[in-house]
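Remarks on the structure that follows.
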């Protein structure tokens with residue numbers, strides 16, 4: 001891998017702007033959500049695309065383990081389970097899971113549980129195998145004289161690699177750790193830099209567009225937008241914030257250099273170390289950082305805004321969902337002659 | 001030679017306003033100078049107008065004219081309303097339950113994508129033209145539905161500060177007074193002024209006025225206009241004093257705690273509660289502004305936030321006006337300066353769009369459950385009953401019983417209430 005040589009290796013032109021993407025566990029397919037109310041499974045090698053009718057925009061996508069189904073969470077509040085499309089491009093299960101927009105879903109490290117969050121401020125746990133509800137966290141709970149609960153739309157969720165905790169992050173930058181054994185909140189803290197109330201615009205902007213742990217579970221990363229000066233024009237800078245998981249202390253805030261405007265929509269942690277984010281706002285970019293070095297080490301300009309990102313299992317390729325209706329596959333190596 | 005006490009110049013006006021002070025100038029002024037021609041067809045039934053202005057340009061697709069499952073429709077669904085066959089955005093679930101009291105105009109084309117021009121069009125009913133100024137709907141309403149004995153201003157904006165210069169030729173008497181959820185500024189006796197001193201001051205002013213009036217009315221320089229101007233000075237103070245006695249109209253602490261909770265304790269909730277209080281006190285025109293909808297970036301998240309804040313207090317207000325018997329005499333209008341582009345931009349935003357958008361109205365003079373106009377499948381074009389801001393302005397006036405084709409006669413000149421080239425939208429009038 002040579003991030004300095006990162007380039008667009010291939011692109012798939014769709015007929016609707018893209019909003020999300022994930023590689024299948026084998027890496028043979030990329031699934032992507034689009035503004036056409038479908039999720040599409042695209043096999044680049046076979047140049048075959050199967051369209052799944054979600055009847056909603058889908059930003060939340062997850063594969064439940066290596067051989068598990070694809071699960072989607074829609075803006076309509078429904079979770080849908082999809083089998084291998086070779087069998088049928090129809091859902092095997094649909095659950096009315098939330099009131100309104102599901103912002104994010106996550107699969108537990110053992111592949112058995114699914115967590116979903118959304119604008120109804122509920123956090124729900126489901127069995128992947130049959131979609132049965134396991135538990136719901138909602139409202140506020142008093143923990144050591146402190147009332148803990150989300151007061152704004154929940155934007156993201158991630159399981160701790162240890163499997164005993166879940167973390168959720170909301171529009172106002174609040175993070176909550178949920179104890180999955182005691183089934184109650186454990187602690188909460190706020191990432192001040194990733195949310196702001198714009199007094200001119202009179203609205204809150206920011207929130208966790210992504211949440212993820214490193215493999216060891218000692219670090220938590222959240223991404224979004226910071227230093228917003230104009231919410232309605234999206235004037236702010238993409239940011240990735242790193243927390244020490246044990247005490248919630250912010251360790252680093254990774255920023256772009258030269259400065260970009262917009263949002264870091266998703267972050268992936270490369271096994272070899274680099275932190276990689278997809279940015280969209282005034283144009284799109286891939287941004288690379290070395291851990292602990294808060295200025296970006298490399299930025300790759302994309303033809304249009306990036307809206308989502310995933311890392312191929314081979315560690316060499318990135319899938320990028322773009323606003324110009326194109327899915328771009330980027331290779332982090334030199335171009336072949 | 002006549003002594004011209006008021007030359008009518010802007011400089012003179014400013015000096016006079018300064019003398020009268022903010023409050024006095026807002027409650028009295030040159031409007032009385034104009035001979036009031038009887039408006040043809042005026043039905044003075046104490047009707048009034050509430051405008052809820054969604055500042056920045058609310059999206060018609062996320063409110064009144066959703067296009068679900070289309071390439072321009074965005075992610076939100078349409079929901080049924082109290083009126084079979086009428087669907088609005090799922091972001092307005094509570095408002096949907098009051099659709100039987102409301103009506104929609106879905107074929108609005110204002111040919112404009114500029115904020116300031118849009119504000120003017122929608123509030124003044126005309127395109128802004130160099131060298132010409134037309135009164136705000138609030139000023140026209142305050143003048144046309146004037147309550148001569150009322151101590152309260154005829155045109156109140158919430159939230160806003162001070163007074164607006166928005167009455168054009170109608171004069172400052174009919175211009176807006178801005179309040180921010182508290183009584184107007186300068187409407188209480190300063191703490192440093194004792195009641196006795198205040199009374200002595202008023203008495204001194206009264207006697208000075210009398211002496212001034214005697215010279216004007218019977219002296220060598222007496223004129224009709226001089227008499228009228230003296231009356232304005234006196235009346236402005238009297239009105240200010242009456243308003244000071246009614247300061248509690250603006251005090252929301254008199255409203256039950258339960259209503260504060262129903263409406264919401266955020267600014268817009270409190271402003272809607274204040275609007276209810278003002279309308280109950282028969283203020284002819286109240287404008288409440290909710291901001292901001294200028295969502296070039298992340299239109300859907302922001303509309304979710306803003307309309308989530310709008311839906312509850314607005315629906316509470318409609319419900320309360322209905323239950324208190326005020327809705328049938330109160331025209332309710334929800335407007336913006338324009339709509340937003342059906343095409344979704346690369347930042348999940350929608351930009352400015354005046355070509356095909358919507359407003360909501362209801363109450364006095366409006367046929368409830370009516371939808372006038374239609375856009376095409378993507379919302380890019382009006383395909384049926386296109387209307388503009390001029391026609392809307394006529395419609396508002398007709399709805400509250402004013403003949404929109406009539407004129408105010410001021411200083412011997414006729415000033416049409418609305419653009420004479422336009423007409424009301426009859427289909428939406430009851």
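Protein chains in written order, with the UniProt record's numbering: chain D, 1 to 337; chain L, 1 to 430. Virtual Cβ for every residue (Gly too), placed ideally from N, Cα, C.
Check, Outcome
"Once DSSP output is grouped into helix, strand and coil, what is the label at residue 18/L?", "Residue placement at residue 18/L is poorly supported in this model, since its pLDDT is 32, which falls under 50; the coordinates still yield a value, given next. Three-state result, residue 18/L: helix."
"Would you check if the distance between the CB atom of residue 217/D and the CB atom of residue 270/D is smaller than 9 angstroms?", "no"
"Counting only Cβ pairs nearer than 7 angstroms, list the residues of chain D close to residue 361/L.", "By Cβ distance, chain D contributes nothing, its closest Cβ being about 24 angstroms from residue 361/L, past 7 angstroms."
"By the DSSP assignment, the beta strand (DSSP E) with residue 55/L in it spans what residues?", "48-55"
"Is the number of C-beta pairs between the stretch 67-84 of chain D and the stretch 105-120 of chain D that are closer than 8 angstroms three or more?", "yes"
"Am I right that residue 334/L and residue 364/L are in contact with their C-beta atoms under 8 angstroms? What's the rounded C-beta distance?", "The Cβ separation is near 15 angstroms, so there is no contact."
"Between which residues of its own chain and residue 41/L is the CB-CB distance below 6 angstroms, once the five residues before and five after are set aside?", "Only weak support is given to the placement of residue 41/L: the predicted model assigns it a pLDDT of 37, under 50, and the question is left unresolved by the model."
"Establish whether the CB of residue 431/L and some CB of chain D are separated by less than 9 angstroms.", "Not covered by the structure: residue 431/L. The range shown for chain L is 1 to 430."
"Residues of chain D with CB closer than 9 angstroms to the CB of residue 114/L, please, in chain order.", "Result: empty, since nearest Cβ-Cβ is about 16 angstroms, beyond 9 angstroms."
"So that I know if they touch, is there some Cβ in chain L lying closer than 9 angstroms to that of residue 9/D?", "no"
"With 16 as the cutoff for other CB atoms within 10 Å, does residue 337/D come out buried or exposed?", "exposed"
"Who are the near neighbours of residue 273/D in its chain, counting only those whose CB is closer than 8 angstroms to its CB and skipping five residues on each side?", "290 and 291"
"Determine the contact status of residue 321/D and residue 24/D, defining contact as a CB-CB distance below 9 angstroms.", "no"
"Which value, in whole angstroms, describes the spacing of the CA atoms of residue 90/L and residue 353/L?", "21 angstroms"
"If we ignore side chains and look at the alpha-carbon of each, how far apart do residue 65/D and residue 323/D end up?", "28 angstroms"
"For residue 332/L, collect the residues of the same chain with a Cβ closer than 7 angstroms to its Cβ; drop the 5 residues on either side in sequence, then sort them by chain order.", "50, 318, 361, 362 and 363"
"Give a yes or no on whether the C-beta atoms belonging to residue 248/L and residue 159/L are separated by under 9 angstroms.", "no"
"Distance check for residue 189/L and residue 410/L, CA to CA, integer angstroms please.", "35 angstroms"
"So, for residue 113/L: in the same chain, excluding its five sequence neighbours on each side, which residues have a beta-carbon less than 7 angstroms away from its beta-carbon?", "338, 352, 353 and 354"
"Among 424/L, 405/L and 423/L, which has the Cα closest to the Cα of residue 469/L?", "What is shown of chain L runs 1 to 430, which leaves residue 469/L out entirely."
"Can you say whether residue 389/L is buried or exposed, counting buried as having 16 or more other CB atoms within 10 angstroms of its CB?", "buried"
"For residue 56/D, which residues from the same chain have a beta carbon less than 7 angstroms from its beta carbon, with the 5 sequence-adjacent residues on both sides left out?", "37, 74, 75, 76 and 78"
"Do residue 154/D and residue 169/D have their CB atoms nearer than 9 angstroms?", "yes"
"So, helix, strand or coil for residue 141/D, using DSSP?", "strand"
"If you draw a straight line from the C-alpha of residue 13/L to the C-alpha of residue 165/L, how long is it?", "Low confidence applies here, because residue 13/L scores a pLDDT of 35, under 50, leaving its location unreliable and the question unanswered by this model."
"Could you tell me which residues DSSP puts in a beta bridge with residue 7/D?", "331/D"
"If you reduce the DSSP assignment to three classes, tell me which class residue 28/L lands in.", "For residue 28/L, the pLDDT reaches just 39, beneath the cut-off of 50, and the residue's location in the model is therefore unreliable, leaving the point undetermined."
"According to DSSP, is residue 37/L part of a helix, a strand, or is it coil?", "Unreliable positioning characterises residue 37/L in this predicted model, as indicated by a pLDDT of 32, which lies under 50. The coordinate reading is nonetheless provided below. The answer is coil: DSSP assigns residue 37/L none of H, G, I, E or B."
"Can you pull out the residues from the stretch 332-365 of chain L whose beta carbon lies closer than 9 angstroms to at least one beta carbon of chain D?", "344, 345, 346, 347, 348 and 349"
"Whole angstroms are fine: how far does the CA of residue 266/D sit from the CA of residue 379/D?", "Because residue 379/D is not part of the residues shown, which for chain D are 1 to 337, the question remains open."
"If contact means a Cβ-Cβ distance below 9 angstroms, which residues of the stretch 108-127 of chain D contact chain L?", "119"
"Any idea if residue 132/L is buried or exposed, counting beta-carbon neighbours within 10 angstroms, 16 or more meaning buried?", "exposed"
"Counting only Cβ pairs nearer than 8 angstroms, list the residues of chain L close to residue 206/D.", "None at all; the shortest Cβ gap to chain L is about 10 angstroms."
"For residue 383/L, does the three-state DSSP call read helix, strand or coil?", "strand"
"What residues from chain D crowd round residue 305/L, counting only those whose CB sits closer than 7 angstroms?", "203 and 204"
"At least one CB of chain D closer than 9 angstroms to the CB of residue 297/L: is that the case?", "yes"
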